[in-house]
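In our numbering, the protein residues as written are 62 to 287.
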């Protein structure tokens, strides 16, 4: 009995004196401590662990917010760039002084020399041609006016708006009773880059104008289309 007691006396300290370390890692697998995370190197600093976790969450939130803001800014800049590129508008008058053109023996392009607005510089005041800079749907309008000179004289106002030489719409006023007459046409047209839009004065007809700008030609891009 004395011998057995001695053996038990030495065995118990070995059993109860050992400390076991439990880990979530698989047997034989140990993660290297993160040098910037004191929570893994100093298990007593629980408050520091909480602060580190909150700091990491805040960094994640700020990074996500910054990325979202950068994406929104890029989209806004792209939208603004498209708006600027799509700004196409012009409005012109025939002349700033008393003048008549026609009657002509053949149809001619009406050259409007008084420019009210020409955003995009697509209208050429030397040729009277509006060259489409961007494909899309355009609003086009033109007004014509003429003066026979005296009551009872023949009045002939006849023009057409043309795309690449092909008529889109026409105006025609021919009377013997009216000394003056005027007409307007407004239309929407699907146009492509490079299309040439002109106002044609027909054979035997004429237009008269002065600083009041009775004869006008206008257009603008309603929306772009690829």
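Glycine included, each C-beta is placed from N, C-alpha and C at the ideal position.
Remember, predicted model here, so these are calculated numbers, not experimental data.
Reference residue i; option with closest CA among the options
i: residue 198; options: 284, 131, 280, 111; result: 284
i: residue 256; options: 272, 225, 262; result: 225
i: residue 195; options: 177, 121, 232, 251; result: 251
i: residue 177; options: 167, 165, 162, 157; result: 157
i: residue 160; options: 261, 275, 279, 280; result: 275
i: residue 144; options: 181, 223, 128, 221; result: 181
Whether residue i touches residue j by CB criterion (7 Å)
i: residue 170; j: residue 259; result: yes
i: residue 254; j: residue 193; result: yes
i: residue 321; j: residue 282; result: A query on residue 321 cannot be resolved here, the shown segment of the chain reaching from 62 to 287 and no further.
i: residue 249; j: residue 230; result: no
Run of the beta strand (DSSP E) containing residue i, from where it starts to where it stops
i: residue 192; result: 190-192
i: residue 22; result: A question about residue 22 goes unanswered here, because the residues of the chain that appear run from 62 up to 287.
i: residue 154; result: 150-154
i: residue 200; result: 197-208
i: residue 261; result: 257-262
i: residue 284; result: 277-285
i: residue 175; result: 175-180
i: residue 160; result: 160-162
i: residue 290; result: For the chain, the structure presents residues 62 to 287; residue 290 sits outside this window and is missing.
Distance between beta carbons of residue j and residue i, contact taken as under 8 Å
i: residue 151; j: residue 191; result: 6 Å
i: residue 200; j: residue 280; result: 6 Å
i: residue 246; j: residue 232; result: 6 Å
Residues of its chain near residue i, where Cβ-Cβ distance is below 8 Å and the 5 sequence neighbours each way are ignored
i: residue 270; result: 154, 155, 156, 159, 160, 161, 206, 276
i: residue 183; result: 149, 151, 191, 192, 193, 194
i: residue 117; result: none
i: residue 175; result: 153, 154, 155, 156, 157, 274
i: residue 286; result: 196, 197, 198, 251
i: residue 188; result: 170, 172
Other residues of its chain near residue i: CB distance less than 7 Å, five sequence neighbours each side excluded
i: residue 168; result: 261, 262, 263, 264
i: residue 81; result: Confidence is the limiting factor: at residue 81 the pLDDT is only 48, short of 50, which leaves the residue's position unreliable and the question unanswerable from this model.
Cβ shell of residue i (< 6 Å), same chain only, five flanking positions each side left out
i: residue 272; result: 157
i: residue 163; result: 262, 266, 267
Minimum Cβ-Cβ distance from residue i to chain B less than 7 Å
i: residue 217; result: Included in the structure is just one protein chain, with no chain B present.
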